[in-house]
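Peer 1: Here it is: the structure, laid out below.
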Amino acid sequence: MPSRPPQHAHTTARAPETAQGEPRDPVCGMAVSPQSTFHAMHQGQHFHFCSQHCLDKFSAEPQRYAQPVEVAQGEHVHGGHTSHAGHHEHAGHAEHAPSPAVAAAAPLAADAGAEYTCPMHPEIRQIGPGTCPKCGMTLEPVLPELEEEENPELKDFTRRFWWTLPLTVIVTVLAMAGHQLQLVHGALQNWVELAIATPVALWAGWPFYVRCIRSMIRRSPNMWTLIGLGTAAAYLYSVVATLAPGVFPATFIMDGRIGVYFEAAAVIISLTLLGQILELKARSQTSAAIKSLLGLAPKTARRINADGTEEDIPLSHVHSGDKLRVRPGEKVPVDGRVLEGESAVDESMLTGEPVPVMKRAGDTLIGATLNTHGSLVMAAQKVGAATMLAQIVQMVVQAQRSKAPMQRLADVIAGRFVLVVIAIAVLTLLGWGLWGPEPSWVFGLINAVAVLIIACPCALGLATPMSVMVATGKAATSGVLFRDAAAIENLRKIDTLIVDKTGTLTEGRPAFHSVAAAPGFAADEVLRLAASLDQGSEHPLAHAIVEHARARGLTLSTPQTFESASGIGVRGQVDGHRLQLGNTTLLEDAGVATAALQTQAEALRSEGTSIMYLAVDGALAGLLAVADPIKPTSKLAVERLQADGVRVIMATGDGLTTARSVARQLGIDEVHGEVKPQDKERLAAALQQAGHRVAMAGDGINDAPALARADVGIAMGTGTDVAMNSAQVTLVKGDLLGILRARSLSVATVRNMHQNLTFAFLYNAMGIPLAAGLFYPLTGHLLSPLIAALAMSVSSASVVFNALRLRKASIE
């Protein structure tokens, strides 16, 4: 339907439908069955819904969703179905566009408006396919489809290659042995070679010439500039020699004809096509990790309706708050929380943790993980683009399409390299033509073409992007997410690691330990007031206090005001009382002394508990102790990092005694306690100024400034979104052993980049002098353009295949 009606258009209210006549949910836009139990009447029209959630939203604001549909003249409405005069609307004609809710619910599916980018230059982005304006390469989808069709460029190049390969073989045999075999003689051989080679040069090589011309129009010389100039020079010279041999001096005549090089142009094109085919096939493997992640998502979910009935629905129909059943052997459909049941869930596909995790009521579930044996009932919490799987896919895509710092040097060199190569080719032509042996200009032309072909900078451009794509995919399947290529390159250089305590070294699921009241206050009242205020906090320590107070049967009040003093505690008003709840720093800022409970606090801290003081109306009311167990892997991770030469420093908002108790158990010597968020940032900055390469690992909002300041910020996937958005690396499992895996992969990836770049530089450094004929006085041999073309194709493919070796790299 047009967005604005043509003249004489009229409007009518009708329920939305698909092109096949199926009703659509007016809230989320999904196709629904006419027999759906969720439906409503509005303005005489029946509306159907995919769930109670959408029905409730429609009932609250029917005018918002029941918009009139504009119908142009010549269309008629019959029973809610629109038809054009003379024919009905079929699938393939315009349908109602899905709503934003639908798009958000299906983030992993590609569409006609997909974004494309260049594998060499990830900053190039456009909607729809095309070629890169910088290097001429065919653009690739930013997010590959799970079941995508064969690459159209690969299909096209394959067809051109196989259809013209017999012609290339024939013209090469004629050129090399036609005279000896007495197949054709003299000028006739030139005409035969022209007829055979022309389809190869003009049809099979046409994409190369188009890209060559575009590069010159855009003033962006690239690999196709060299290939196009080289093959065009060889072909056009040969055409002139065939059509007008009289324009050449007698010294050009060999075996009764002017020497032609149709076979050089044909073989260069065929070998370039073969190289591109091998490269495209290899490059398609670099997106294997993304496709494997896309394949993890289940296609359906089993929803438990309000009346107790159950039905299987498409995953895109699941809404936050829906009640779902996960049967044994099924995948968890979306992120959520267990309501009923008990089972072991295999999370290895997302976290890299091989041991299934027991899940009970209240535990969190990650979408796409596998329920092994028990039945679970869950509440959906995050759906569509908000799920961890969708975020992992987006982070991997973002990292794969980012540019490593190492690539910047290669880009600068490659950008100027083409112009230098063209200049060298011209000098080669002139040098051989003016001072070479007869036929000097023929030698000059052939050597100039060899220089243009062998110096193609494709291998240089692919050296680091291919390594980055493979590395980020492998990391994602091991529970490590890199935000960009710079993080991969920098992580191996880290010599100092600052770690938060709660949620990073410890489980982040603390349990209430004890409460102590100051004189004049009752312990239960201290707990009740603290829990009432902490209802507005997302901190794990707050959750422990609130849950314990409710378990004790205490009646909690709703805070009249609430304010988070990030990193040191919370403030607010409950039942008319001004409350401060937090560490010593918070109470000192409020002018409240904590000396009355200092002895008890230190005794509890020595046990490794975290202490929070409560002040009521400016007076110390009591303290609450919460214990947070250390993660089983933290000690091993710290030991291995220290063995690798990494200095580990703990910085936490907890009291110094508590921090030292935990540090002592983990073997950490340097501890900073009761630090504010800005203190962590200043610590990272001070270490950087001292010449250290600093990483920061944390999970909370209070860690965000330091995560952003550090050379590499490492967030726990079990922590807050703010922390993950501030970091360059996310550990899905929230396990410090992930840092070791990430560092190992960083070392392997940078080594792989160095191998690729070294090979590319050496290849060009050795190939150009050889192609230019500088070694001819010593060897008496010249490099054929045919061999140059083969070497160019092999160099590009070898870089890609070397990058693919990273998939088998050991990072444990």
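Under UniProt numbering, the first residue of the sequence shown carries the number 1, and numbering increases by one thereafter.
Glycine included, each C-beta is placed from N, C-alpha and C at the ideal position.
1) On a Cα-Cα basis, can you pick out the residue from A791, S634 and D335 that is closest to G734?
2) Quick one: measure Cβ to Cβ for H39 and D25, integer angstroms, because I've assumed they're closer than 8 Å.
3) Would you kindly check if the distance between the Cβ of G773 and the Cβ of A791 is under 8 Å?
4) Count the other CB atoms, across all protein chains shown, that sit within 10 Å of the CB of P122; report buried if there are 16 or more and exposed otherwise.
5) Can you grab the Cα-Cα spacing for the pair G503 / K57, in whole Å?
6) Mapping the DSSP letters down to three states, classify M469 as helix, strand or coil.
7) DSSP state of F775, grouped into three classes?
8) Under the rule that 16 or more other beta-carbon atoms within 10 Å means buried, what is W224, buried or exposed?
9) I'd like to know whether the C-beta of H577 is nearer than 8 Å to at least one C-beta of chain B.
10) What's the C-alpha gap between D495 and D654?
11) Measuring only the C-alpha atoms, how far is I739 from M469?
12) Cβ of G336 versus every heavy atom of the ligand NAP: is any distance shorter than 7 Å?
13) So, with DSSP's three-state summary, where would you put Q573?
14) Under 8 Å, with one C-beta from each stretch per pair, do the stretch 476-495 and the stretch 749-762 reach the 3-pair mark?
15) Three-state secondary structure (DSSP) at Q560?
16) Could you pull the DSSP bridge partners for T369 from this structure?
17) Is T131 helix, strand or coil when you go by DSSP?
18) Spell out the partners DSSP gives S532 in its beta bridges.
19) Should K519 be labelled buried (16 or more other beta-carbon atoms within 10 Å of its own) or exposed?
20) Reducing DSSP to helix, strand and coil, say where P314 ends up.
21) Taking 6 Å as the limit between beta carbons, can you name the residues of its chain near P107, skipping five residues before and five after?
22) Let me make sure I understand the geometry here. Which of M358, H373 and M388 has the alpha-carbon closest to that of G336?
23) What residue from H373, G341, G367 and F512 has the CA that sits closest to A361's CA?
24) Tell me the DSSP bridge mates of L497?
25) Looking at the strands, I want to know which residues DSSP matches up with S610.
26) Let's see if you can read the secondary structure: which residues bound the alpha helix (DSSP H) around I488?
27) Out of T561, S514 and H42, state which residue places its alpha-carbon closest to the alpha-carbon of Q535.
28) L731: which of A797, H577 and R483 sits nearest, CA to CA?
29) Could you please give the first and the last residue of the uninterrupted alpha helix (DSSP H) stretch that includes V192?
30) Which of the three DSSP states, helix, strand or coil, is assigned to P62?
31) Since D346 is in the beta strand (DSSP E), which residue starts that stretch and which ends it?
32) Compare the C-alpha of L445 against each of A233, K299 and L624 and name the closest.
33) For L620, write down the residues that DSSP places opposite it in a beta bridge.
34) Name the one or two DSSP bridge partners that S514 has.
35) Using only the alpha-carbon positions, how far apart do S810 and L745 sit?
36) In three-state terms, what does DSSP make of A112?
Peer 2: Once the coordinates are examined:
1) S634
2) Incorrect: roughly 10 Å between the Cβ atoms, too far for contact.
3) no
4) buried
5) 37 Å
6) helix
7) coil
8) buried
9) Included in the structure is just one protein chain, with no chain B present.
10) 25 Å
11) 19 Å
12) Of ligands this structure carries none, so the ligand NAP is not represented either.
13) strand
14) yes
15) coil
16) BP columns for T369 are empty, so no partner.
17) strand
18) S532 pairs with nothing; no bridge assigned.
19) Residue identity differs from the one stated: residue 519 is Pro in this sequence, not Lys. The residue is exposed, with fewer than 16 neighbouring Cβ atoms inside 10 Å.
20) strand
21) In this prediction, P107 scores a pLDDT of 36, lower than 50, which makes its location untrustworthy; the coordinate-derived value is nonetheless stated afterwards. Taken in chain order, the residues that qualify are G384, A385 and A390.
22) M388
23) G341
24) V648 and A695
25) V626
26) A485 to L491
27) T561
28) R483
29) G186 to T198
30) helix
31) S343 to D346
32) A233
33) A615
34) A625
35) 8 Å
36) Any reading at A112 needs caution, since the residue's pLDDT is 42, under 50, leaving its predicted position unreliable; the model's value is listed next. Correct three-state label for A112: coil.
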